[in-house]
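> Residue numbers (our numbering): -4 to 744. Just so you know, even glycine gets a beta-carbon here, dropped at the ideal spot from N, CA and C. Computed from a prediction, not measured in an experiment: that's the story for all the values here. Supplied in structure tokens, the structure appears directly below.
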Ligand code: DGJ
């Protein structure tokens, strides 16, 4: 719900539990008056003074002088702080006009409020299921000297505590201009008594939680790799000092964009905190001819005073209902066996058919053929060649993909395939034919990625877009049974330059690349709406909202070591639900870490996400196979609640207690799945009470242990009230290092 109070000149955006208030104050300046728990009205907010607030002592009058200036952008909570007009903090917008200066002074002009949400083509966006789901406010601002205009766009959800922001910048002047910086959002919060939570990482160690106090000056995260990266993904939270999973204030910020991004906080002398999020201004200069406009990506803001756990649950709901393709909202994701860690490049039809047989016997739903199936002149036997040559490698698969889809069909399994269509290798037929199609700089030697040969295709070029769309289109036309695509991308955008873009648009490349990708994905989605897609970028390099709504899930990490996956999945769960996290049981001596962990731990960790397998079934003992069958059958019992339920994080692995535990509860609170893992064992180790959360205190729950590999816990088969489970908790011995338990809770009749 959005309203405008014409007397006080305030806009009030309400979600079920939050309010966001914007005021038009002296000199048509736009300021942020409030963002927090829902308030009944805006009375009093408009009276806030935006004159300098620091009182200074005058030796002449022997008085404190508190009223020195008129409105000062420098100490006001500016709604979209601009460059060069008296606001000395980092700006949201900076435009270089034809005179060469960068002064950008935007003043309020007018507004529109309407039901629904605008399209922000050509960018990915949060979608609505019906117009009544949200209202939108558009505020127009203009720089009277340069003729540039900006429209701030806010969409407030009626049933979720979500506000989406973006900005559209328009050159309404008669002369060209260049945008040097255009953030999606800018919020100035009063005070700086917050902690900043970000998730740093690297390949095989994605999304580690980091919590630090806000400090004066600049802090933040960013990516300049062309795609959002393993190091940082575009999300962050500001939380009150006392905030934990269940209580305290939490503000979440998430960018719907997979390219270069920046998130920063700036605390200045007046003790306010500016928060900015948007496209990274490095190597971003967008040229606007008269009449042209530039749309920023959307930033998704969440506020709650019910703790960090509630912030995550709000983001999870948004993912489920307004980001992933609608088809998956209630459906269960397939239990799949993927060939990568089971075979790497070394497979043939027989081996894959044997995987399918075993998958069927285990009760799985799908066989996925990973890297290594293609290449004619250059067969793909390692990472050094063939990307771009998307024809079947006849030596490995003499009967082609058809032979495999037929075999999968016979066994009642679906079939999925791996591609990396944005890339090529210098050793490939594609590169031989089209060397101009790769991202490159004139006169400089190309930096090559994986295998010393990998290169990125220039998606700013419509011809290349057509080719990449054709990769999927040809596969799907020839094999309509393909139900799943693992879409990989194993290189950052090196060699920044395009043979397609003109000289004055070279700085558009990073954005033009993502617009090109969006165009391809939109066409694929329109033509093949039932196709499930996984976004993979050497594991979790592309875990961000910008890959949605075309992808259903992420390959969470190339690190499949169950122990380390507990940390990685924990970090990802801050912003993404379990259903988005592909989590596969892998081989005994983990190939990334060299660690051996029990098969039960590997299954129990995979069961807390979208479970799958990368195990070579031929290497499993009969005992392992029997356990796998049991665990898979048990996963099916809890799959709906893991994939669609509400997440409650209980004991964080980052707290280093030696334990980690989490649970999922159905929206009706009649079904839950509980997981506990023993991360390490030390002498005289205290055992915490295994308290649960999210249950109905009045209901009685029957506890059943799943994925059993030994004796069940003493409470197995008994019933307890939700109040007992949440307040007292279950007391049982988890076992030694790397032991784990999975419990199913069902409300007793
Ligand atoms: C990187 C991915 O993360 C792996 O899962 C696998 O698909 C390889 N690429 C294949 O080359």
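In terms of residues, what are the limits of the beta strand (DSSP E) holding residue 750?
Only positions -4 to 744 of the chain appear in the structure, and residue 750 is not among them; the question remains open.
> Using the beta carbon as the reference atom, which residues fall closer than 6 Å to any heavy atom of the ligand DGJ, ordered along the chain?
Going along the chain, the residues that qualify are 335, 365, 366, 413, 483, 485, 531, 533, 534, 550 and 553.
> In this structure, what does DSSP give as the bridge partners for residue 579?
Walking along the chain shown from the start, residue 579 turns up at place 584. Partner(s): 607.
> Hey, quick one: how far does the alpha helix (DSSP H) through residue 273 stretch, first residue to last?
Within the chain shown, numbered from 1, the residue matching residue 273 stands at position 278. Here residue 273 belongs to no alpha helix (DSSP H); instead the beta strand (DSSP E) covers 268 to 274.
> Taking the straight line between their C-alpha atoms, what separation do you get for residue 221 and residue 255?
Residue numbering aside, residue 221 sits at position 226 when the chain shown is read from its first letter. Residue numbering aside, residue 255 sits at position 260 when the chain shown is read from its first letter. Roughly 5 Å separates the two Cα atoms.
> Give the DSSP bridge partners of residue 232, in chain order.
Against the chain shown, residue 232 aligns to sequence position 237. For residue 232, which the question treats as bridged, DSSP gives the partners 192 and 247.
> In three-state terms, what does DSSP make of residue 396?
Within the chain shown, residue 396 is the residue found at index 401, counting from 1. Residue 396: helix per DSSP, three-state reduction.
> Taking the alpha carbon of residue 569 as the point to measure from, which residue in 123, 234, 607 and 169 has its own alpha carbon closest?
Position 574 of the chain shown holds residue 569. Residue 234 is the option with its Cα nearest to residue 569.
> Helix, strand or coil: which one does DSSP assign to residue 715?
By one-based count along the chain shown, residue 715 stands at place 720. Residue state, collapsed to three classes: strand.
> Give me the Cα-Cα distance between residue 226 and residue 462, rounded to the nearest whole angstrom.
For the purposes of this step, residue 226 is taken as the residue at position 231 of the chain shown. For the purposes of this step, residue 462 is taken as the residue at position 467 of the chain shown. Near 30 Å, if we compare the C-alpha coordinates of residue 462 and residue 226.
> Helix, strand or coil for residue 708, going by three-state DSSP, please let me know.
Along the chain shown, one-based indexing puts residue 708 at 713. In this structure, residue 708 counts as coil in the three-state DSSP scheme.
> Rounded to a whole number of angstroms, what is the C-alpha to C-alpha distance between residue 606 and residue 275?
Working through the chain shown from its first residue, we reach residue 606 at position 611. Working through the chain shown from its first residue, we reach residue 275 at position 280. One C-alpha to the other measures close to 35 Å.
> Using 8 Å as the threshold, is the region 291 to 303 in touch with the region 236 to 254, meaning 3 or more CB pairs across them?
Touching, yes.
> If I'm right that residue 454 touches residue 443 with Cβ under 8 Å, what's the distance once you round it to whole angstroms?
Here residue 454 refers to the residue found at position 459 of the chain shown. Here residue 443 refers to the residue found at position 448 of the chain shown. 18 Å between Cβ atoms; not a contact.
> Where in the region 102 to 167 do unbroken runs of the beta strand (DSSP E), each at least 3 residues long, occur, reported from the N-terminal end onward?
Counting only runs of 3 or more, we get 102 to 110, 129 to 137, 143 to 152 and 157 to 166.
> By the three-class DSSP mapping on this structure, what secondary structure does residue 535 have?
Residue 535 sits at position 540 when you count from the first residue of the chain shown. Residue 535: strand per DSSP, three-state reduction.
> Whose C-beta lies closer than 6 Å to the C-beta of residue 118 among residues of the same chain, with five residues either side of it excluded?
Within the chain shown, numbered from 1, the residue matching residue 118 stands at position 123. Excluding positions up to five away in sequence, the list reads 292.
> Assign residue 210 to one of two classes, buried (16 or more other C-beta atoms within 10 Å of its C-beta) or exposed (fewer than that).
Locating residue 210 in the chain shown gives position 215, counting from the first residue. With fewer than 16 other Cβ atoms within 10 Å, it is exposed.
> Considering only the beta carbon of each residue, do residue 201 and residue 589 sit closer than 9 Å?
The residue labelled residue 201 in the question sits at position 206 within the chain shown. The residue labelled residue 589 in the question sits at position 594 within the chain shown. The answer is no: Cβ separation not under 9 Å.
> Could you work out which residue in 228, 219, 659 and 531 is closest to residue 489 when comparing CA atoms only?
On the chain shown, residue 489 is found 494 positions in, with the first residue counted as 1. Closest by alpha carbon: 219.
> Report all residues from its chain with a CB closer than 6 Å to the CB of residue 15; omit the five preceding and five following residues, and keep chain order.
Start at 1 with the first residue of the chain shown, and residue 15 comes out as number 20. Result list for residue 15: 8, 30 and 158, in chain order.
> Enumerate in chain order the residues of its own chain whose CB-to-CB distance from residue 386 is below 8 Å, with the five nearest sequence positions on each side excluded.
As a working mapping, residue 386 is identified with position 391 in the chain shown. Same-chain partners within the cutoff: 369, 370 and 371.
> What are the partner residues of residue 11, as DSSP defines its beta bridges?
The sequence position of residue 11 within the chain shown is 16, counting from 1. Beta-bridge pairing links residue 11 to no other residue.
> Counting C-beta neighbours from all protein chains within 10 Å, is the total for residue 664 16 or more, i.e. buried, or is it exposed?
Position 669 of the chain shown, counted from the start, is the residue given in the question as residue 664. Buried, because 16 or more other Cβ atoms sit within 10 Å of the Cβ of residue 664.
> Suppose contacts are defined by Cβ-Cβ distances below 9 Å. Is residue 24 in contact with residue 71 by that definition?
In the chain shown, the residue the question calls residue 24 occupies position 29. In the chain shown, the residue the question calls residue 71 occupies position 76. It is a contact, given that the beta carbons lie within the stated cut-off.
> If you count every other CB in all the chains shown that lies within 10 Å of the CB of residue 22, and 16 or more means buried, which is it?
Your numbering for residue 22 matches position 27 in the chain shown. With fewer than 16 other Cβ atoms within 10 Å, it is exposed.
> Opposite residue 207 in the DSSP bridges: which residues?
On the chain shown, residue 207 is found 212 positions in, with the first residue counted as 1. Bridge partners of residue 207: 191.
> Who pairs with residue 654 in a beta bridge, going by DSSP?
For the purposes of this step, residue 654 is identified with residue 659 of the chain shown, where counting begins at 1. In DSSP, residue 654 forms a bridge with 673.
> Is it right to say residue 668 is buried, meaning 16 or more other beta carbons lie within 10 angstroms of its own, or is it exposed?
If you number the chain shown from 1, residue 668 lands on position 673. By the 10 Å Cβ count, residue 668 comes out buried.
> Between the beta-carbon of residue 271 and the beta-carbon of residue 287, is there less than 9 Å?
The residue you call residue 271 lines up with position 276 of the chain shown. The residue you call residue 287 lines up with position 292 of the chain shown. Not a contact, by the Cβ cut-off of 9 Å.
> Look up residue 696 in the DSSP assignment and give the residues it is bridged to.
Counted from its first residue, the chain shown places residue 696 at position 701. Paired residues: 715 and 742.
> So what's residue 381 in DSSP terms, helix, strand or just coil?
As a first step, residue 381 must be located in the chain shown, where it is residue number 386. Residue 381 falls in the coil class under three-state DSSP.
> Do residue 353 and residue 612 have their C-beta atoms within less than 9 Å of each other?
Here the question's residue 353 lines up with position 358 in the chain shown. Here the question's residue 612 lines up with position 617 in the chain shown. In this structure, residue 612 lies closer than 9 Å to residue 353 by Cβ.
> Identify, in the order they occur along the chain, each residue of the same chain with its Cβ nearer than 8 Å to the Cβ of residue 537, setting aside the five sequence neighbours on each side.
Taking the first residue of the chain shown as position 1, residue 537 is located at position 542. Contacts found: 222, 223, 253, 484, 530, 531 and 549.
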